[in-house]
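Below is one structure, written out as structure tokens, with a few remarks after it.
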Amino acid sequence: MPTFRAPRGTRDLLPAERAAFTKLESIGRDLGRRYGYRQIETPLFEQVAVFERGIGEVTDVIEKELFRLAARSDEGEAWALRPEATAGIARAYVQHGMHTWPQPVKVWLTGPMFRYDRPQAGRYRQFWQWDVEAIGDPGPAVDAELIELGARFYREAGLDDALLLINSIGDAVCRPAYVAELKAYFREHIAGMPEVERRRLESNPLRLLDSKDPALAVLQARAPRITDRLCPACAEHFAAVLGHLDALGVGYRVEPALVRGLDYYTRTAFEFYRAGAEGQQQALGGGGRYDGLIELLGGRPTPGIGFALGLDRVILALGDSASQEEGASPLAVIVGAEPAATAERLRVATDLRGEGLVVRADLSARKLGRQLESAARDGAHFAVILGDELAAGQVQLKDLQAGTQRPLPLADVARELRRADASHHHG
Numbered sequence: 061m062p063t064f065r066a067p068r069g070t071r072d073l074l075p076a077e078r079a080a081f082t083k084l085e086s087i088g089r090d091l092g093r094r095y096g097y098r099q100i101e102t103p104l105f106e107q108v109a110v111f112e113r114g115i116g117e118v119t120d121v122i123e124k125e126l127f128r129l130a131a132r133s134d135e136g137e138a139w140a141l142r143p144e145a146t147a148g149i150a151r152a153y154v155q156h157g158m159h160t161w162p163q164p165v166k167v168w169l170t171g172p173m174f175r176y177d178r179p180q181a182g183r184y185r186q187f188w189q190w191d192v193e194a195i196g197d198p199g200p201a202v203d204a205e206l207i208e209l210g211a212r213f214y215r216e217a218g219l220d221d222a223l224l225l226i227n228s229i230g231d232a233v234c235r236p237a238y239v240a241e242l243k244a245y246f247r248e249h250i251a252g253m254p255e256v257e258r259r260r261l262e263s264n265p266l267r268l269l270d271s272k273d274p275a276l277a278v279l280q281a282r283a284p285r286i287t288d289r290l291c292p293a294c295a296e297h298f299a300a301v302l303g304h305l306d307a308l309g310v311g312y313r314v315e316p317a318l319v320r321g322l323d324y325y326t327r328t329a330f331e332f333y334r335a336g337a338e339g340q341q342q343a344l345g346g347g348g349r350y351d352g353l354i355e356l357l358g359g360r361p362t363p364g365i366g367f368a369l370g371l372d373r374v375i376l377a378l379g380d381s382a383s384q385e386e387g388a389s390p391l392a393v394i395v396g397a398e399p400a401a402t403a404e405r406l407r408v409a410t411d412l413r414g415e416g417l418v419v420r421a422d423l424s425a426r427k428l429g430r431q432l433e434s435a436a437r438d439g440a441h442f443a444v445i446l447g448d449e450l451a452a453g454q455v456q457l458k459d460l461q462a463g464t465q466r467p468l469p470l471a472d473v474a475r476e477l478r479r480a481d482a483s484h485h486h487g
């Protein structure tokens, strides 16, 4: 039993697993570039008020899951680690006057988020997201562009079975009447409701629709549907979003009970799932429109839409196929016939690294045979053997996979390794 362990709900990403994350991050980076979204970075912690105002004070995220930081008494500001990225990006949009930039402002970030959650499979207290936002365009076409981008990310990551669920949750015109109707409906059945859900009924009745409490399942199934109560403008927007998705060939299922857990969502709300074993659904990520958020954070009224995809969830769904580490093996290992001559092995390796090649120097004072065994075990393609002839500028190049060996001028090693590496990759 080690004395110290990673904190509960966190884990170390060892090199093979980190490589799987890096691969997902590079897919996100490449797609961002292709779709015209630019990378942004916001702090890992923000003023608590950014989240309270942006996400909503009576959400689970704020009430139970926020990692609050103990501020020093002289600072007088309360901070919290970010539980999601959108509120921080929206704060940056307002702070830096991005409304003066060409609209919409399209940005992405990838990084860790923090929630004080009960740890379980695929749920961590520190987890990674790829977050994409388009701020400043109210039209339905950008909703479809963003959703298709999310669907493509899963495909390129190797998850072909991601399902898209979509809904519209209305806006400030039609949602208040719906929320009142929903409240009245649940009040009639309050006797069968657990205490925590009764509190929610008063503070945030929409959340009753996505409660996981089995006591509510029947009530949820019979509850009035927002989809049938949209105002004409919201209904038209939703129909246009679906029309654009049809034009792009993106499959979806309209799910009238889908509401997102954060208060800032309006109109389009969507989630990506995959059908798990025993038919339960595994959430992979989701997002939606937040046309009121920028104003809540002190900006002028500005529409926006975004999503966050959980990288941990994708890795979990990919299973063993995720952690095939690419490029972990060196192309060549520099070994020497003289065990103690580590400085010249290191010098040759350093020069080759300067040429952009992936090489390892054997810095152990062990016999040549042992050095070669270790190089082969490392998965290296070549060993560069330094011996007496190094004084004359010559080395031996050994192909560890073919078992062949030949002399070569030291000056030609970089070119030879590069040529062999290219034919190995394209052959």
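All residue numbers for the sequence shown refer to the numbering used here, where the first residue is 61 and numbers rise by one.
Every residue, glycine too, gets a C-beta built ideally from N, C-alpha and C.
Source: prediction; values computed, not measured.
Check your understanding: Can you pull the DSSP bridge partners for T146?
Key -> Paired residue(s): none; T146 is not in a bridge.
Point to revise | E338 versus R78: straight-line alpha-carbon distance, rounded | key: Low local confidence applies: a pLDDT of 46 at E338 is under 50, so the model's placement there is unreliable, and no value is given.
Check your understanding: Rounded to a whole number of angstroms, what is the C-alpha to C-alpha distance between R349 and T287?
Key -> 16 angstroms
Practice item. For the beta strand (DSSP E) containing P467, list its first residue and its last residue. Key: T464 to P469
**Study point:** Distance CB(G370)-CB(G345) smaller than 8 angstroms
**Key:** yes
Exercise for review: Take the Cβ of S228 as the centre, count every other Cβ of all protein chains shown within 10 Å, and call the residue buried at 16 or more, exposed below.
Suggested key: buried
Check your understanding: Residue range of the alpha helix (DSSP H) that L266 falls in?
Key -> No alpha helix (DSSP H) holds L266; DSSP gives it neither H nor E.
Review point. When we look at the beta-carbon of E355 and count the other beta-carbons within 10 Å, is it buried (16 or more) or exposed?
Key: exposed
Check your understanding: Can you tell me whether DSSP reads R215 as helix, strand or coil?
Key -> helix
Review point. Thinking C-beta only, is V167 closer than 8 angstroms to Y245?
Key: no
Review point. By the 10 Å Cβ neighbour count, where 16 or more other Cβ atoms means buried, how is F64 classified, buried or exposed?
Key: exposed
**Study point:** Proximal residues to L225 (C-beta, below 6 angstroms), its chain only, five neighbours per side dropped
**Key:** R313, E315, L318 and E331
Review point. Which residue comes first and which comes last in the alpha helix (DSSP H) that contains R327?
Key: Careful: R327 lies outside any alpha helix (DSSP H), inside the beta strand (DSSP E) at T326 to A335.
**Study point:** Proximity of R334 and C294 at Cβ, strictly below 8 angstroms
**Key:** no
Exercise for review: May I ask which residues mark the beginning and end of the alpha helix (DSSP H) holding V374?
Suggested key: L371 to L378
Exercise for review: Could you tell me which uninterrupted alpha helix (DSSP H) segments, each at least 4 residues in length, are contained entirely in the stretch 159-234, listed from first to last along the chain?
Suggested key: 200-217
Exercise for review: Give, in chain order, every unbroken run of the beta strand (DSSP E) that is at least 3 residues long and sits entirely within the stretch 388-441.
Suggested key: 392-396 and 419-421
Check your understanding: If we ignore side chains and look at the alpha-carbon of each, how far apart do S263 and E248 end up?
Key -> 17 angstroms
Exercise for review: In angstroms with no decimal places, state the Cα-to-Cα distance between R178 and K124.
Suggested key: 10 angstroms
Exercise for review: Could you tell me the boundaries of the beta strand (DSSP E) in which V455 lies?
Suggested key: Q454 to D459
Check your understanding: DSSP on E338, reduced to helix/strand/coil?
Key -> Low per-residue confidence applies at E338: pLDDT is 46, beneath 50, and the placement is therefore not dependable, though the value from the model is reported in the following sentence. DSSP places E338 in helix when its eight states are reduced to three.
Exercise for review: Could you give the DSSP three-state label for V310: helix, strand or coil?
Suggested key: coil
Check your understanding: How long is the line joining the alpha carbons of R71 and P292, rounded to whole angstroms?
Key -> 48 angstroms
Point to revise | contact_flag[the stretch 129-142, the stretch 83-96] where n(CB pairs < 8 angstroms) is 3 or more | key: no
Review point. With contact counted as at least three CB pairs below 8 angstroms, one residue from each stretch, are the stretch 452-460 and the stretch 470-486 in contact?
Key: yes
**Study point:** Stretch pair the stretch 158-176 + the stretch 189-208: three plus CB contacts closer than 8 angstroms
**Key:** yes
Practice item. Kindly list the residues whose CB is nearer than 6 angstroms to the CB of D203, restricted to its own chain and excluding five residues on each side of it in sequence; keep chain order. Key: V301, T328 and I365
**Study point:** Whole-angstrom distance between L308 and A217, CA atom to CA atom
**Key:** 20 angstroms
**Study point:** Same chain only: Cβ atoms within 7 angstroms of P390, ignoring 5 sequence neighbours per side
**Key:** V418, V419, R420, D438 and A440
Review point. Quick one: what's L129 bridged to in DSSP?
Key: W139
**Study point:** Same chain, Cβ closer than 6 angstroms to R151, neighbours up to 5 away in sequence not counted
**Key:** V110 and L357
**Study point:** Per-residue burial, G379 [other beta carbons within 10 Å of its own, 16 or more giving buried]
**Key:** exposed
**Study point:** Buried or exposed (CB count within 10 angstroms, at least 16 for buried), W188
**Key:** buried
Review point. If we call anything under 8 angstroms between Cβ atoms a contact, is G114 one with A140?
Key: no
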